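Counting with our numbering, you get residues 54 to 790 for the letters of the sequence shown.
Here a beta-carbon is modelled for each residue, glycine too, at the ideal position from N, C-alpha and C.
Quick caveat: nothing in here was measured; it's all calculated off a predicted structure.
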Amino acid sequence: MKDFFKNIKNDLPASLAVFFVAIPLCLGIAHASGAPLIAGLITGATGGLLVGAISKSPLSVSGPAAGLTAIVLAAISQLGSFDMFLVAVFIAGAIQITLGLLKLGSIANYIPNSVIKGMLSAIGILLIMKQFPHMIGYDIEEMGVEQFNIAEQDLNETYHLPKDVETSSLTIFLHSLKHIEYGILLIGVLSIGVLFFWEKVIAKKLKTVPGSLIVVLLGIVLNMVFATNETLLLSPDHLVNVPSINSFDAFFQNTTLPNWDALSNIKVYKIAITLAIVASIETLLSLEAIDKIDPWSRTSPPNRELLAQGAGNMTAALFGGIPLTAVIVRGSVNIAAGAKSKASTIFHGAFIVLSVIFFAPFINLIPLASLASILVFTGYKLLDVKSFSYYYKKGWDQFIPFAITIFAIVRIDLLYGVLIGLGVALIFIIRNNYNAPVLKVVDFGKRIRISLGENVTFLHKYKLLKELEKIKPDSIVELDASRSLYMDKDVMEAINDFREKAKQKNIQVFLGGINMEENKLDVKQSMQESYARLLKGNKKWVTDKTKDDPDYFTRQAEGQSPEYLFIGCSDSRVPANEITGTEPGEMFVHCNIANLVVNTDINLMSVVQYSVEVLNVKHIIVCGHYGCGGIKAAMEQQPHGLIDKWLRNIKDVQRLHQHEINAIEDPDQKLRRMVELSVREQIFNLMKTSYVQRNRQQYGFPDLHGWVYDISNGELQDLKVQEEHEFKEYEKIYKMY
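Here it is as structure tokens:
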């Protein structure tokens, strides 16, 4: 209790600001919902006193929600009476408590924003269409019925059509323009104008005074002014009519209680489910929004909030109230007014109770047109015209679910509209998921590597199988799932089936990152066999060599005196000795990716210095090869990780020769030419080194040669690089000896 009053100097004034916002909204939403006006006040009081006490949200405020008006209005019409509808509200509250107990407070996070925004926009449209006639004085029907009581003859006269006209919200909306009461129209138009002006100008400077309060006071004053003019004066039917309640007997005489016979009506349960889902979503969205603007950055537990909302709706139903949710408008006013704890919410509920007991006569001075204008303005804010262009810019996968949700809700009803919107959104989600880049196939010829994405679902099974079907016999397949966070069991089963069938085609399958025990055993066995083959091969090679030349290894042990330094690619298909027909000891070899000569590569520079100054090699050969993966990767405009720093040296070659490269249209020919140009540039890089320059100056060697090896036919091509002649124009820049 001590903590409750700890911030009373902040919470009490804030509760008054929320109260002044709540009264017009409680009355207006009840009116728009086709419920008795007292029902809105009962719900407002319940939201403040009960929900405020149970909830652990310090600043959110609950009460009647504009977002539920369309559901309530349609539900009362379907069930035929308000007392039967109260049973649906009670059941909805029980469902919310169940959701809270099941820890389903995160349910709103699983509904696409496009569908939620479409739902709110549709509710805004319905609010405007339903309340606009009240705002301009077309209140000839009994207050609160879903459809206006217009005779078919009236409609036919309005549209000048000889045939029957279908009665709908739109036809009624247009018909209302023909039957206007000017006193109400004046109040409605001025009220809308004040609300827009207040929102755009005054509210930024005076946050604690709500525009709805000003509109209510304006309506009361204008109607008093109209007292001198019978044409403009509002009849009692166009004013709020709240019964004076000063005792428990008076309360129960003037309120509606649930009709429990409705439990046998199946429609009640459908309505209850709709109410529970929509009210829960609206509450959770409001809760998230209020937490974001909480000055103390506190977090409200969503599951506890569902329990509080469920208890609130069950209690409101028992006493004749309409359904409630947490409301962003009231919560934001609460924060702007300086509230620090939920005491503000509870105080505002107490003020609503006191207003019903002591100030009913004053409340009854409020014109219904004032309430209607508040709801039309609320509908406009819910509609949020900018959201149409926003979702259109985000793409069809966002805009179509948004637009279809709106259309379906307006044309059918809220529950089916949301379900249709969800269905359309789900189709786009499945489509986008299917088209997501989950497979990356790299073809190295005999070896194929297929890298899988983060989430591999059953939707990607067909794509994977199509790629696996393309693999030729006697190939090696690497399935890399090291980046996969999730893999559907259907996909794993499909991979396992492929491994079994691959044996018939002599296809070796290696799996990485896929948790299959049998795969681990197969891989381990294969690794052991391949490793043992190396040692076995060595023994055979030694046997063959000593058989042909018994002193072979004795001579090798005496030392090396190679005439050649071979700088080649690390590609396993370019073995220096084999492609040149040389024996061990005849060629000094250095390999790196794409056979680059980089002056910052201390390993390569050490090799060059040693081979030139110690071994006195007579020739340095830079040997590239067609189809080089390093060259190809460098020409791709995409990141490759750490190797990008190395590949940048190749990109520099491409930059130097970009006009020639860009003029080649055929991709294969472009790659072949880049291989040749890169080799030539490496020759120039060797010419820039001090070791090569000094030895050439002193001894006249080494000579430099540029080769390209063609893997497809095994032949070497000498590019006949004339290093002396071609390097001549740069000699003054790089010459050191």
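- Message: Can you tell me whether ASP550 is buried or exposed? The criterion is at least 16 other CB atoms within 10 Å of its CB, across all chains shown.
- Response: By the neighbour-count rule (16 or more Cβ atoms within 10 Å), ASP550 is not buried but exposed.
- Item | Exposure of ALA98, with buried meaning 16 or more beta-carbon neighbours within 10 Å | By the 10 Å Cβ count, ALA98 comes out buried.
- Item | Where VAL198 falls, given that 16 or more other Cβ within 10 Å makes a residue buried | A caution first: VAL198 carries a pLDDT of 34, below 50, which makes its placement in the model too unreliable to give a value.
- Using the beta-carbon count (16 or more within 10 Å), is LYS393 buried or exposed? LYS393 should be labelled buried.
- Task: Starting from the C-beta of GLY93, find all residues in its chain whose C-beta is less than 7 Å away, skip the five residues before and the five after it, and write them out in chain order.
- Result: Cβ contact annotation for GLY93 (same chain, cutoff 7 Å, sequence separation greater than five): CYS79, LEU80, ILE82, ALA83, PRO117, ILE375, in chain order.
- By Cβ distance below 6 Å, which residues in the same chain neighbour LYS788 in space, the five residues on each side in sequence not counted? The same chain holds no residue with a CB closer than 6 Å to that of LYS788 once the five nearest residues on each side in sequence are set aside.
- Message: Considering Cα atoms alone, identify which of ASN294, GLU782, GLY694, THR327 is closest to TYR469.
- Response: It is THR327.
- Query: Does DSSP classify ARG536 as helix, strand or coil?
  - Reply: Of the three classes helix, strand and coil, the one that applies to ARG536 here is coil, per DSSP.
- Message: At the level of alpha carbons, what is the spacing between LEU243 and SER167?
- Response: Here the alpha carbon of LEU243 sits roughly 34 Å from the alpha carbon of SER167.
- Task: Excluding the 5 residues preceding and the 5 following SER108 in the sequence, name in chain order all residues of the same chain whose CB lies nearer than 6 Å to its CB.
- Result: Around SER108: GLU358, ALA361.
- Query: Is the beta carbon of PHE754 sitting closer than 8 Å to the one on CYS676?
  - Reply: Their beta carbons are not under 8 Å apart, which means PHE754 does not touch CYS676 by this criterion.
- Message: Excluding the 5 residues flanking ASP543 on each side, which residues of the same chain have their C-beta closer than 6 Å to its C-beta?
- Response: Within the same chain, ASP543 has close Cβ partners PHE511, LYS514.
- Item | Presumed contact (8 Å Cβ cut-off) between ILE399 and LEU69, rounded CB distance | The beta carbons of ILE399 and LEU69 sit about 13 Å from each other, so the pair does not count as a contact at 8 Å.
- By how many angstroms is the C-alpha of VAL71 removed from the C-alpha of LYS253? Taking the straight line joining both Cα atoms gives about 20 Å.
- Message: Tell me which residue opens and which closes the beta strand (DSSP E) that LEU132 is part of.
- Response: From DSSP, LEU132 is part of no beta strand (DSSP E) but of the alpha helix (DSSP H) over 122 to 132.
- Message: Using a Cβ-Cβ distance cut-off of 8 Å, determine whether ASP466 contacts chain B.
- Response: Chain labels in this structure do not include chain B; a single protein chain is all it has.
- Message: As an exercise, report each continuous beta strand (DSSP E) stretch of at least 3 residues that is fully enclosed by the region 659 to 738, in chain order.
- Response: Counting only runs of 3 or more, we get 672 to 678.
- For the alpha helix (DSSP H) containing GLN561, list its first residue and its last residue. No alpha helix (DSSP H) contains GLN561, which is instead part of the beta strand (DSSP E) from 561 to 565.
- For ALA390, which of GLY100, SER440, LEU126, ALA256 has the nearest alpha-carbon? For ALA390, the closest C-alpha among the options GLY100, SER440, LEU126, ALA256 is that of ALA256.
- HIS758 bridges to which residues according to DSSP? Answer by DSSP bridge pairing, in chain order: ILE674.
- Message: Given a cut-off of 8 Å on the beta-carbon distance, is the pair TYR235 and THR284 in contact?
- Response: At a Cβ-Cβ threshold of 8 Å, TYR235 and THR284 count as neighbours.
- Straight-line Cα distance separating SER317 from ALA141: So the two alpha carbons sit approximately 11 Å from each other.
- Message: Which of the three DSSP states is assigned to ARG351 in this structure?
- Response: Of the three classes helix, strand and coil, the one that applies to ARG351 here is coil, per DSSP.
- In DSSP terms, what CYS622 is bridged to: Looking at the DSSP assignment, CYS622 forms a beta bridge with ASN645.
- Same chain only: Cβ atoms within 7 Å of THR431, ignoring 5 sequence neighbours per side: Closer than 7 Å at the Cβ level, and outside the excluded window around THR431, lie ALA119, LEU180.
- Message: Could you tell me the alpha carbon to alpha carbon distance between THR352 and ALA88, rounded to whole angstroms?
- Response: Taking the straight line from one Cα to the other gives about 34 Å.
- Could you check how far apart the C-beta atoms of ILE419 and ILE298 are, in whole angstroms? I think they sit under 8 Å. Actually they do not touch by this definition, with Cβ atoms about 17 Å apart.
- Message: On the CB-based measure, 16 or more other CB atoms within 10 Å of its CB, does LYS698 come out buried or exposed?
- Response: Its Cβ having fewer than 16 others within 10 Å, LYS698 is exposed.
- Query: Quick one: what's got a C-beta closer than 6 Å to ALA396's C-beta in the same chain, skipping five residues either side?
  - Reply: Correct list, in chain order: PHE57, ASP64.
- Query: Is it buried or exposed for ALA647, if we count other Cβ within 10 angstroms and need 16 for buried?
  - Reply: Looking at its Cβ environment, which holds 16 or more other Cβ atoms inside 10 Å, ALA647 is buried.
- Can you pull the DSSP bridge partners for TYR617? Bridge pairing for TYR617: MET640, HIS672 [DSSP].
- Indicate the three-state DSSP secondary structure (helix, strand or coil) for GLN775 in the structure shown. Taken through DSSP and simplified to helix, strand or coil, GLN775 comes out as coil.
- Query: Going by alpha carbons, who is nearest to ASP810 out of GLY363, GLN746, ASP763?
  - Reply: Lying outside 54 to 790, the shown extent of the chain, residue 810 is not represented and no answer is given.
- Item | the region 126 to 141 contacting the region 421 to 429, beta-carbon criterion three pairs below 8 Å | These segments do not touch.
- Thinking LEU157 and GLY384 are a contact (beta carbons under 8 Å), I'd like their distance in whole angstroms, please. That belief does not hold up - the Cβ atoms of LEU157 and GLY384 are roughly 22 Å apart, past 8 Å.
- Limits of the beta strand (DSSP E) - the one that GLY116 falls within: Unbroken beta strand (DSSP E) run through GLY116: 114 to 117.
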